[in-house]
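2 protein chains.
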Amino acid sequence: MKKHLDELMAKRGLDAIIITGTGDHNPAMVYMTGGGHFKASVVKKAGLLPVIYCNPMEREEAARTGLTAKLHHNQKTNPAAQADEIRWMLQDAGLANGKVAFYGRVEAGEFMAILEELRKCAPEYILVSEPQDNLLMETRATKGESEIARIRKMGQITTRVVGRVADLLSSSRVRNNHLINSADSLLRVGDIKKLINLWLAEEGAENPEGTIFAIGRDAGIPHSSGNPEDILELGKTIVFDIFPCEEQGGYFYDFTRTWCLGHADDQVMQLYQDVKTVYDTVVKELKPGQLCKDHQRFTCDLFEKMGHPTILSHPGTTDGYVHSLGHGLGLDVHEAPWFSTNVEVNDHLVPGSVFTIEPGLYYPERGMGVRLEDTYLSTTNGSFEKLAEFPMDLVLPVRKS
Amino acid sequence: MKKHLDELMAKRGLDAIIITGTGDHNPAMVYMTGGGHFKASVVKKAGLLPVIYCNPMEREEAARTGLTAKLHHNQKTNPAAQADEIRWMLQDAGLANGKVAFYGRVEAGEFMAILEELRKCAPEYILVSEPQDNLLMETRATKGESEIARIRKMGQITTRVVGRVADLLSSSRVRNNHLINSADSLLRVGDIKKLINLWLAEEGAENPEGTIFAIGRDAGIPHSSGNPEDILELGKTIVFDIFPCEEQGGYFYDFTRTWCLGHADDQVMQLYQDVKTVYDTVVKELKPGQLCKDHQRFTCDLFEKMGHPTILSHPGTTDGYVHSLGHGLGLDVHEAPWFSTNVEVNDHLVPGSVFTIEPGLYYPERGMGVRLEDTYLSTTNGSFEKLAEFPMDLVLPVRKS
Numbered sequence: 038m039k040k041h042l043d044e045l046m047a048k049r050g051l052d053a054i055i056i057t058g059t060g061d062h063n064p065a066m067v068y069m070t071g072g073g074h075f076k077a078s079v080v081k082k083a084g085l086l087p088v089i090y091c092n093p094m095e096r097e098e099a100a101r102t103g104l105t106a107k108l109h110h111n112q113k114t115n116p117a118a119q120a121d122e123i124r125w126m127l128q129d130a131g132l133a134n135g136k137v138a139f140y141g142r143v144e145a146g147e148f149m150a151i152l153e154e155l156r157k158c159a160p161e162y163i164l165v166s167e168p169q170d171n172l173l174m175e176t177r178a179t180k181g182e183s184e185i186a187r188i189r190k191m192g193q194i195t196t197r198v199v200g201r202v203a204d205l206l207s208s209s210r211v212r213n214n215h216l217i218n219s220a221d222s223l224l225r226v227g228d229i230k231k232l233i234n235l236w237l238a239e240e241g242a243e244n245p246e247g248t249i250f251a252i253g254r255d256a257g258i259p260h261s262s263g264n265p266e267d268i269l270e271l272g273k274t275i276v277f278d279i280f281p282c283e284e285q286g287g288y289f290y291d292f293t294r295t296w297c298l299g300h301a302d303d304q305v306m307q308l309y310q311d312v313k314t315v316y317d318t319v320v321k322e323l324k325p326g327q328l329c330k331d332h333q334r335f336t337c338d339l340f341e342k343m344g345h346p347t348i349l350s351h352p353g354t355t356d357g358y359v360h361s362l363g364h365g366l367g368l369d370v371h372e373a374p375w376f377s378t379n380v381e382v383n384d385h386l387v388p389g390s391v392f393t394i395e396p397g398l399y400y401p402e403r404g405m406g407v408r409l410e411d412t413y414l415s416t417t418n419g420s421f422e423k424l425a426e427f428p429m430d431l432v433l434p435v436r437k438s
Numbered sequence: 038m039k040k041h042l043d044e045l046m047a048k049r050g051l052d053a054i055i056i057t058g059t060g061d062h063n064p065a066m067v068y069m070t071g072g073g074h075f076k077a078s079v080v081k082k083a084g085l086l087p088v089i090y091c092n093p094m095e096r097e098e099a100a101r102t103g104l105t106a107k108l109h110h111n112q113k114t115n116p117a118a119q120a121d122e123i124r125w126m127l128q129d130a131g132l133a134n135g136k137v138a139f140y141g142r143v144e145a146g147e148f149m150a151i152l153e154e155l156r157k158c159a160p161e162y163i164l165v166s167e168p169q170d171n172l173l174m175e176t177r178a179t180k181g182e183s184e185i186a187r188i189r190k191m192g193q194i195t196t197r198v199v200g201r202v203a204d205l206l207s208s209s210r211v212r213n214n215h216l217i218n219s220a221d222s223l224l225r226v227g228d229i230k231k232l233i234n235l236w237l238a239e240e241g242a243e244n245p246e247g248t249i250f251a252i253g254r255d256a257g258i259p260h261s262s263g264n265p266e267d268i269l270e271l272g273k274t275i276v277f278d279i280f281p282c283e284e285q286g287g288y289f290y291d292f293t294r295t296w297c298l299g300h301a302d303d304q305v306m307q308l309y310q311d312v313k314t315v316y317d318t319v320v321k322e323l324k325p326g327q328l329c330k331d332h333q334r335f336t337c338d339l340f341e342k343m344g345h346p347t348i349l350s351h352p353g354t355t356d357g358y359v360h361s362l363g364h365g366l367g368l369d370v371h372e373a374p375w376f377s378t379n380v381e382v383n384d385h386l387v388p389g390s391v392f393t394i395e396p397g398l399y400y401p402e403r404g405m406g407v408r409l410e411d412t413y414l415s416t417t418n419g420s421f422e423k424l425a426e427f428p429m430d431l432v433l434p435v436r437k438s
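One line per chain: the protein sequences are V and C, in this order. Going by the working numbering, the first residue of the first sequence is number 38, and it counts up by one from there. Going by the working numbering, the first residue of the second sequence is number 38, and it counts up by one from there.
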């Protein structure tokens with residue numbers, strides 16, 4: 038949580054941190070400022086409150102963050118001038134020398150050029166690089182009350198929109214084994230995605246990364262987002278994975294259901310049952326303090342005992358269970374804690390962890406895939422709370438044709 | 038244009054370029070791939086077609102880009118493993134050594150860590166930094182036919198939504214000098230912004246950076262986005278600046294009108310007339326081949342002759358004309374060509390340039406601001422085309438109360 042920032046800076050020996058970039062769709066900046074329509078730098082010296090530096094045109098937006106807002110003393114945009122400005126901000130923030138780390142979404146080549154100039158013009162600062170599992174990721178990995186409330190609200194929005202999609206599909210007419218719309222044309226994946234964006238906008242949410250709505254063979258490939266031209270055939274698996282966020286890049290939610298329209302054959306039903314069994318077992322076994330990778334290993338064991346290949350038993354497989362059990366969620370749709378079994382990843386579930394649980398099975402050559410996903414909170418009393426409820430049924434009833 | 042990429046790489050002595058990050062809301066990546074739901078790296082060796090490297094889960098999304106898609110040989114996420122993967126991709130792309138530059142939106146600290154590891158593990162590559170005015174920015178600064186068509190379509194969407202906002206305001210009832218909604222409550226800036234997002238979603242567009250809809254004093258500060266709680270008072274200036282993009286971060290449009298509801302007093306009318314005169318004069322004087330900064334200087338001259346302070350005559354002023362005349366527009370809402378008068382900026386208008394023209398005047402203490410903005414194309418026949426038409430009137434009629 039943000040209140041631990043100074044403690045974590047001390048642990049890493051950082052004298053200051055700098056967060057740069059836009060105030061929207063930039064998780065580190067949104068975390069430090071609450072977001073807004075600006076491009077700015079936030080400088081936090083160890084032990085002091087952060088200060089935001091902006092251009093005069095954006096002074097009101099910067100002030101609205103609640104941080105102390107100051108104006109840049111130089112608005113030139115070449116790398117040398119930007120490096121000089123970083124040096125000036127660090128001095129202005131009270132740091133004469135020491136270790137400084139950088140956060141925020143930047144343009145790769147331009148950022149390299151600024152760093153080069155900074156090393157030349159300000160050798161008194163040691164520029165510290167940070168791995169993916171960095172200071173702000175560590176801070177962000179446990180959520181406070183207001184963050185949880187915002188994610189919970191996104192969960193309500195998400196499941197309301199999923200409910201509207203289910204209602205639309207169930208109430209559509211059927212012709213020749215496919216859904217048709219009110220204008221008597223075939224309903225397509227692209228139509229559904231457009232409605233999802235519209236309904237999210239009605240709820241004040243955004244969908245910057247799009248929706249996975251993948252039917253048949255596409256459902257068998259975890260991140261295939263689905264072909265907009267595909268028609269909605271009864272009996273095929275539809276993987277519907279939706280991950281919207283608050284306006285201008287705030288907190289996300291992440292949610293998946295797998296549906297078959299009208300009916301499901303035995304093979305699909307078995308796949309669904311296997312995923313559902315694993316989902317239920319894993320959720321029951323969640324333990325505060327446990328390594329996330331232990332839950333991933335447990336999931337692989339369960340699937341393997343059912344006869345499915347997994348990425349642990351068959352590295353590189355594209356059949357069976359081919360991804361992580363889940364991931365942390367917040368201002369990024371994917372963030373710490375990570376469930377990877379890689380040796381360098383050792384994240385734990387702790388009170389305040391918000392994360393997804395999303396076992397799945399994929400058989401692209403058999404034209405099917407099943408994934409079930411909900412977002413959970415590890416509470417302070419040791420229990421785990423699903424942040425939004427929604428039925429898990431596989432078969433979505435359709436109108437009799 | 039993209040067809041000049043090899044020529045521009047040769048001019049800069051680059052043997053390969055690497056573009057990394059997500060396939061959405063990442064201009065360099067969208068430019069090279071067309072975008073999609075993936076996180077990947079594109080490697081282009083000089084003289085060869087680009088290759089996209091992805092994880093197995095995202096192989097279908099990567100293949101959909103039309104580029105040759107290959108799988109990463111290592112999916113670990115620590116900086117050393119990522120650096121090793123970059124080295125492997127460069128070798129796989131046929132480059133044994135040479136100069137390599139980086140593009141795309143990355144996380145600052147993590148990218149630093151990867152570069153450090155790469156310098157250690159792959160000294161055969163010279164990692165070239167790039168200023169803001171980099172290779173891909175230069176390539177992107179002139180648009181081809183299909184890019185222009187997409188921006189033009191975004192212009193149509195944008196002006197249709199602006200028209201719906203105008204219709205809503207004009208048809209709303211008036212009570213005590215303010216607009217009220219159908220439920221008899223005060224209409225607020227936040228209500229308008231929510232409808233804008235909804236109407237953009239209906240058109241299949243996104244609004245990732247929000248809308249500026251700023252009334253009164255807020256209108257006097259160029260990038261103040263407007264307070265959602267503000268009510269809509271007749272006679273106050275409203276600066277309405279809207280800059281949506283295609284779904285998942287494609288091409289933008291940028292457009293501003295200034296409105297007074299019902300009536301405008303003489304002082305506001307005079308401000309509007311000054312801005313309109315400058316707008317018309319500047320547009321008439323646009324010349325292909327001319328330095329953008331010459332147009333900015335000309336604009337400052339015009340405003341100064343009218344008695345307004347400008348950033349050239351009064352550096353740091355927050356009254357008068359306080360920003361650039363315009364900016365290039367494409368996959369970024371702000372990109373080259375730049376109109377800055379800084380000595381290092383020397384962009385020209387050339388056939389294929391798409392850019393905004395947006396003179397404005399701001400007097401925050403007098404509670405008013407006026408800006409007029411359209412997006413223009415420099416055509417191949419030497420003329421300039423406004424990419425979407427919309428009336429420029431200041432006063433928006435309202436219903437008689």
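For each residue, glycine too, the CB sits at the ideal point set by N, CA and C.
What does the alpha-carbon distance come out to for the pair residue i and residue j?
i      : j      : result
D221/C : L269/C : 14 angstroms
G396/V : L104/C : What sits at residue 396/V in the sequence shown is Pro, not Gly. Computed Cα separation, rounded: 31 angstroms.
V320/V : K81/V  : 39 angstroms
Y90/V  : H109/V : 6 angstroms
V359/C : F277/C : 17 angstroms
T417/C : H385/C : 14 angstroms
D303/V : H74/V  : 52 angstroms
P374/C : T102/C : 27 angstroms
K136/C : L127/C : 11 angstroms
Taking the alpha carbon of residue i as the reference point, which residue from the options has its own alpha carbon closest?
i      : options                           : result
L328/C : G84/C, T378/C and V312/C          : T378/C
G404/V : V320/V, V79/V, T355/V and A242/V  : T355/V
R96/C  : E283/V, S261/V and G406/V         : S261/V
N264/V : D291/V, L224/V and F289/V         : L224/V
T196/C : P434/C, D411/C, L431/C and N418/C : D411/C
Q285/V : G60/V, Q333/V and P428/V          : G60/V
D204/V : A186/V, I233/V and K313/V         : I233/V
Q169/C : T114/V, V387/V, K76/V and S415/V  : T114/V
A435/C : Q307/C, H215/C and A150/C         : One detail in the question is off: residue 435/C reads as Val in this sequence, not Ala. Minimum Cα distance to V435/C is reached at H215/C.
G257/V : G357/V, D331/V and C297/V         : G357/V
K48/C  : V226/C, N171/C and Q333/C         : N171/C
M429/C : K342/C, P259/C and Y316/C         : Y316/C
D2/C   : P93/C, K40/C, K437/C and Y162/C   : Limits of chain C in this structure are 38 at one end and 438 at the other, which puts residue 2/C out of reach.
Could you check whether the Cβ of residue i sits closer than 9 angstroms to any Cβ belonging to chain V?
i      : result
D61/C  : yes
W375/C : yes
I275/C : no
Q310/C : no
E98/C  : yes
Indicate whether at least one CB of chain C lies closer than 9 angstroms to the CB of residue i.
i      : result
A178/V : no
L237/V : yes
S350/V : no
P116/V : yes
F75/V  : yes
K113/V : yes
L424/V : no
If I'm right that residue i touches residue j with Cβ under 8 angstroms, what's the distance once you round it to whole angstroms?
i      : j      : result
I279/V : T295/V : 13 angstroms between Cβ atoms; not a contact.
T176/V : L42/V  : 6 angstroms
F340/V : E322/V : With 8 angstroms as the limit, F340/V and E322/V do not qualify as a contact, their Cβ atoms being about 14 angstroms apart.
G363/V : T393/V : 4 angstroms
Next item on the list: Closer than 7 angstroms, Cβ to Cβ, to anything on chain D: give me those residues from the region 125 to 148 of chain V, in chain order.
Entry: Although the question refers to chain D, the structure presented lacks it and instead comprises the protein chains V and C.
Note to self: Quick test of the definition: if touching needs 3 or more C-beta pairs under 8 angstroms, does the region 178 to 190 of chain C touch the region 247 to 267 of chain C?
What the structure shows: No, the region 178 to 190 of chain C does not touch the region 247 to 267 of chain C.
Item checked: Three-pair Cβ contact test at 8 angstroms for the region 420 to 430 of chain C versus the region 368 to 383 of chain C -> Under the three-pair Cβ rule at 8 angstroms, the region 420 to 430 of chain C does not count as touching the region 368 to 383 of chain C.
Note to self: Does the contact criterion of 3 or more C-beta pairs under 8 angstroms hold for the region 140 to 157 of chain V versus the region 144 to 151 of chain C?
What the structure shows: Look at the beta carbons and you see the region 140 to 157 of chain V touching the region 144 to 151 of chain C: at least three pairs across the two are nearer than 8 angstroms.
Note to self: Would you call the region 365 to 373 of chain V in contact with the region 154 to 162 of chain V, where contact means no fewer than 3 C-beta pairs closer than 8 angstroms?
What the structure shows: No: fewer than three Cβ pairs fall under 8 angstroms.
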